[in-house]
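Chains as they are written, first to last, in my numbering: chain A, 1 to 162; chain B, 1 to 84.
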């Protein structure tokens with residue numbers, strides 16, 4: 001199994017170990033974990049009581065398309081780098097600050113491909129996989145706005161753009 | 001022809017519904033035409049015309065507004081994604 005969309009938490013250590021279990025050709029496993037942050041939205045000014053602080057976050061997704069989109073991103077990474085294994089886990093539902101949201105790991109013979117594939121998968125996931133975050137704050141719920149910086153990060157991987 | 005239309009996230013909340021099955025009148029041949037048809041219902045449906053950077057998926061693949069429709073298609077409208 002390469003891609004999972006689930007409410008349950010994951011064991012990052014076990015997932016990383018599984019990528020090289022029983023084989024001696026893996027020289028590098030790079031991984032990334034995304035977490036729920038309690039801070040305020042970018043650019044927001046907060047007065048007394050810190051009413052923009054995030055109490056919780058709910059992740060909505062498009063069942064069916066989500067799994068396909070993630071698998072397509074993994075397939076694209078496998079075409080760009082020499083990878084011996086990839087694992088992507090994205091959680092959905094209600095999550096609290098400090099909880100894990102997303103896990104990406106890539107195994108390769110050498111670190112360069114593993115690091116690059118991991119970063120590529122995260123950059124593409126942020127702009128192409130149909131997930132949406134809604135934050136709960138003392139002032140009410142608010143949908144997180146997409147960030148231009150995420151589009152720029154994904155654009156770095158397009159041929160011809162440095 | 002009939003298509004299934006889905007809405008997600010802030011758009012779903014604004015419209016008060018997540019999905020509907022819709023028989024298209026003649027002349028609506030693209031996802032952009034479908035968007036215009038729905039937006040013309042007035043409030044709150046005009047959100048489909050005013051949502052910044054509205055995204056569209058046709059049969060679970062992201063497409064542009066010029067993508068052609070056929071009977072049985074699944075069309076989803078949603079704001080830019082914010083996962084990860």
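Beta carbons are placed, not taken as given, at the ideal position from N, Cα and C, and that holds for glycine.
Handout entry: Spatial neighbours of residue 9 of chain B in its chain, beta-carbon cut-off 6 Å, leaving aside the 5 residues before and after
Key = The residue labelled residue 9 of chain B in the question sits at position 9 within the second chain. Correct list, in chain order: 78, 79.
Problem - Beta-carbon neighbours of residue 81 of chain B, restricted to chain A and to distances below 8 Å - result: Against the second chain, residue 81 of chain B aligns to sequence position 81. For residue 81 of chain B, the residues of chain A that pass the 8 Å Cβ criterion are 126, 127, 128, 129, 130, 131, 132, 146, in the order they occur in the chain.
Problem - Residues of the segment 6 to 18 of chain B with Cβ closer than 7 Å to any Cβ of chain A, in chain order - result: Shown in chain order are the members of the segment 6 to 18 of chain B whose Cβ falls below 7 Å from a Cβ of chain A: 8, 9, 10.
Handout entry: Interface residues of the segment 53 to 64 of chain A facing chain B [CB-CB below 8 Å]
Key = Correct list: 59, 60, 61, 62, 64.
Practice task
Express the C-alpha separation of residue 25 of chain B and residue 117 of chain A in angstroms, rounding to a whole number.
Solution key: Taking the first residue of the first chain as position 1, residue 117 of chain A is located at position 117. Taking the first residue of the second chain as position 1, residue 25 of chain B is located at position 25. C-alpha separation (whole angstroms): 46 Å.
Practice task
Put residue 84 of chain A into one of helix, strand or coil per three-state DSSP.
Solution key: Taking the first chain and counting its residues from 1, the one referred to as residue 84 of chain A is at position 84. Note: residue 84 of chain A maps to coil in three-state DSSP.
Handout entry: the segment 31 to 46 of chain B contacting the segment 136 to 154 of chain A, beta-carbon criterion three pairs below 8 Å
Key = With a cut-off of 8 Å, the segment 136 to 154 of chain A and the segment 31 to 46 of chain B do not count as touching, because too few Cβ pairs lie within range.
Handout entry: Cut-off 8 Å between Cβ atoms - residues of its own chain near residue 49 of chain B, not counting five sequence neighbours on either side
Key = Residue mapping note: residue 49 of chain B aligns to position 49 of the second chain, counting from 1. Within the same chain, Cβ atoms closer than 8 Å to the Cβ of residue 49 of chain B are found at 35, 36, 39, the five residues on either side in sequence being excluded.
Practice task
Flag residue 84 of chain B as yes if its beta-carbon sits less than 8 Å from any beta-carbon of chain A, otherwise no.
Solution key: By one-based count along the second chain, residue 84 of chain B stands at place 84. So, interface residue.
Exercise for the section: Tell me whether residue 61 of chain A is buried or exposed, calling it buried when 16 or more other Cβ atoms sit within 10 Å of its Cβ. Expected result: By 1-based counting over the first chain, the position of residue 61 of chain A is 61. Burial is judged here by how many other beta carbons sit within 10 angstroms of a residue's own beta carbon; residue 61 of chain A has at least 16 and is buried.
Problem - Burial state of residue 70 of chain A, where buried means 16 or more other Cβ atoms lie within 10 Å - result: For the purposes of this step, residue 70 of chain A is taken as the residue at position 70 of the first chain. Buried, because 16 or more other Cβ atoms sit within 10 Å of the Cβ of residue 70 of chain A.
Exercise for the section: Consider the C-beta atom of residue 9 of chain B and the heavy atoms of the ligand ZN; say whether any pair is separated by less than 7 Å. Expected result: Only the bare structure without any ligand can be found here, which leaves the ligand ZN out of the picture.
Problem - DSSP-derived helix/strand/coil call for residue 35 of chain A - result: For the purposes of this step, residue 35 of chain A is identified with residue 35 of the first chain, where counting begins at 1. DSSP, reduced to helix, strand and coil, places residue 35 of chain A within a strand of the structure shown.
Handout entry: Of the listed residues A:29, A:17, A:146, nearest to residue 109 of chain A (C-alpha basis)
Key = Taking the first residue of the first chain as position 1, residue 109 of chain A is located at position 109. When only C-alpha atoms are compared, the closest one is A:29.
Practice task
Starting from residue 89 of chain A, follow its DSSP beta bridges and name the residues at the other end.
Solution key: As a first step, residue 89 of chain A is located in the first chain; it is residue number 89 there, counting from the start. Answer is A:4, A:103.
Problem - Ranges of the alpha helix (DSSP H) found wholly within the segment 17 to 46 of chain B, counting only runs of at least 4 - result: Along the segment 17 to 46 of chain B, the alpha helix (DSSP H) occurs as fully enclosed runs of 4 or more residues at 31 to 39, listed in sequence order.
Problem - Below-8 Å beta-carbon distance, residue 39 of chain B vs any chain A residue - result: Indexing the second chain from 1 puts residue 39 of chain B at position 39. It does not; no Cβ of chain A falls within 8 Å.
Exercise for the section: Run down chain A in chain order and give the residues with a C-beta less than 8 Å from the C-beta of residue 67 of chain B. Expected result: Residue numbering aside, residue 67 of chain B sits at position 67 when the second chain is read from its first letter. Those do not exist, as residue 67 of chain B stays about 15 Å from chain A at its closest Cβ, beyond 8 Å.
Practice task
May I ask you to list the residues that DSSP assigns as paired with residue 141 of chain A?
Solution key: Translated into positions along the first chain, residue 141 of chain A becomes position 141. In DSSP, residue 141 of chain A forms a bridge with A:136.
Problem - Any C-beta of chain A under 8 Å from that of residue 4 of chain B - result: Working through the second chain from its first residue, we reach residue 4 of chain B at position 4. No, because no Cβ of chain A sits closer than 8 Å to the Cβ of residue 4 of chain B.
Exercise for the section: Check each residue of the segment 74 to 105 of chain A: if its Cβ is closer than 8 Å to any Cβ of chain B, include it; give the result in chain order. Expected result: Here the close residues are 90, 101, 102.
Exercise for the section: To the nearest angstrom, report how far apart residue 125 of chain A and residue 104 of chain A are at their CA atoms. Expected result: The count along the first chain starts at 1 and reaches residue 125 of chain A at position 125. The count along the first chain starts at 1 and reaches residue 104 of chain A at position 104. Looking at the two C-alpha atoms, the distance is approximately 10 Å.
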